[in-house]
Structures are given as C-alpha cells and as structure tokens.
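Taking the numbering used here, the leading residue of the sequence shown gets 430, the next gets one more, and so forth.
Note that beta-carbon positions come from the ideal geometry of N, C-alpha and C, so glycine has one too.
Predicted, not measured: the structure shown is a model, and the values here were computed from it.
Read the structure below first, then the notes.
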Amino acid sequence: MILESGIKNPQTGLYALFRVLSQRGIAKKIQVIAKASVPIIKFVEKKSGAAFDISFDVDNGPKAAEFIKEAVLKWPQLRPLCLILKVFLQQRDLNEVYSSGIDSYALLAMIIAMLQICIFGFSIRHWTLAG
C-alpha cells in the first residue's frame, strides 16, 4: 500500500506503476484492476517470484494491518490455517474476488469466526442480529 501519494485518483498511480514495472522488466504477470472497490495492481516480482498487490491511498489499510497483527497474536492457529486455505483456494483459482473467489481479508474473517466458535463455544444458532 502506498499512502499519501499526492495523486488525484488511484488509477493514475496504478497505470504509472504499470509502466515503470514493464519498462524496467522487474515484474511479470502485471494486472491493473482499476475498477475494483479498492483499485490495485497485481504482479509477480521476477527475481524472487513474490506476488504483490499494491493500492494507493487506501485509508483503512493501516488499521486492517494492525487488526491482522493483533489477531495473529491472539490466535496462533490463524496463520497456518490461513496459509493452508490460501494455497487450497489458489490451486482452484478461487483466490481472486474479481474472478468470483474470496479475498484474503474475508478468508481471515471466516477463520477468526470459526476459531471463536471452536474456542469459546459460540453457536451460530444462538447468534441474532440484536447481538
């Protein structure tokens, strides 16, 4: 995530980054997803093979990152469960929202809900909209 970029709209930054990555030849599988609710650029860095998703000026990004850090500390099982399920979804091309899959944050939320049910004994049939 790139914060306080000073650009007028995220798409401008995404396409500028696309041009730089393409010209310098440091990335492959570059995709700009400009019309998503959070526009991003996805690419794989050639040397390491690491996959990246980058967004511009998304205000809730740091809060989400802090929430995830706290959740991993609270539930140590979260990290391995999330990694295994991410690989499972990726193998079936179900890891991208724009292709009818599920994103990492939603997966994380589902795993946290499952851990709360297992650890604290919450039952779905006892949940109500009133709390």
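query, result
"Report buried or exposed for A456, applying the criterion of at least 16 other Cβ atoms within 10 angstroms of its Cβ.", "buried"
"From L514, K475, V487 and Q545, pick the residue whose C-alpha is nearest to that of N438; which is it?", "V487"
"Tell me which residue opens and which closes the alpha helix (DSSP H) that A500 is part of.", "G490 to K503"
"Which residues in the same chain as L518 place their Cβ atom closer than 6 Å to its Cβ, once the five residues preceding and following it in sequence are excluded?", "N524"
"Here's the rule I'm using: 16 or more other beta-carbon atoms within 10 Å means buried, otherwise exposed. How should G568 be labelled?", "Examination of residue 568 is not possible in this model, given that the chain is present from 430 through 560 alone."
"Hey, F472 and I462 are a contact pair by Cβ (cut 8 Å); roughly how many whole angstroms apart?", "Wrong, their Cβ atoms sit about 11 Å apart, outside the cutoff."
"Name the DSSP beta bridge partners of Q460, please?", "K471"
"Should L512 be labelled buried (16 or more other beta-carbon atoms within 10 Å of its own) or exposed?", "exposed"
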